[in-house]
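Encoded as structure tokens, the structure appears first; notes follow it.
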Amino acid sequence: MQKDASVNVFGDPLLACSMEPMTGFFRDGCCNTGEQDAGSHTVCVEVTDEFLAFSRSRGNDLSTPAEEYGFPGLTPGDRWCLCAARWLEAQQQGKAPRVYLQRTHIKALETVPLTLLREYAVDLN
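Quick note, our numbering runs 58 ahead of the 1-based positions in the sequence shown.
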């Protein structure tokens with residue numbers, strides 16, 4: 059599988075999102091993407107109870123471990139590479155988690171405007 063260039067929303071090198079738990083479409087710790095990543099797992103977030111409940115209500119239970127996939131289940135405070143469209147849906151419902159812009163892939167901007175992501179940024183000075 060081929061990855062797109064590892065570049066964040068600022069055009070700088072993409073920083074790792076999480077190694078514990080291991081995240082990313084390619085399970086490399088980064089929100090890298092490529093043409094195989096139909097969900098665009100490009101937004102690095104810090105999950106909350108509220109977001110996890112929202113995701114579960116949409117049919118994607120990120121809290122429950124799935125050992126067959128090596129997925130430990132997420133808990134509040136974990137960082138995770140989230141699908142850009144799911145983040146936008148959560149934002150529209152008032153449930154969006156905070157975002158790490160330096161760890162969010164530039165391809166996320168095809169779905170979510172940078173101005174909106176900035177409103178939820180954890181890592182802006």
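Positions of the beta carbon are idealized from the N, C-alpha and C atoms, including for glycine.
Three or more beta-carbon pairs separated by less than 8 Å link the region 162-178 to the region 139-150, which places the two stretches in contact. The DSSP-derived three-state label of F129 is strand. Three or more Cβ pairs closer than 8 Å define a contact, and the region 109-123 falls short of that threshold against the region 79-93. Per the DSSP secondary-structure output, W138 pairs in a beta bridge with V103. The three-state reading of DSSP puts A154 in coil, since its state is none of H, G, I, E or B. Per DSSP, reduced to three states, the secondary structure at A74 is coil, with no helix or strand assignment.
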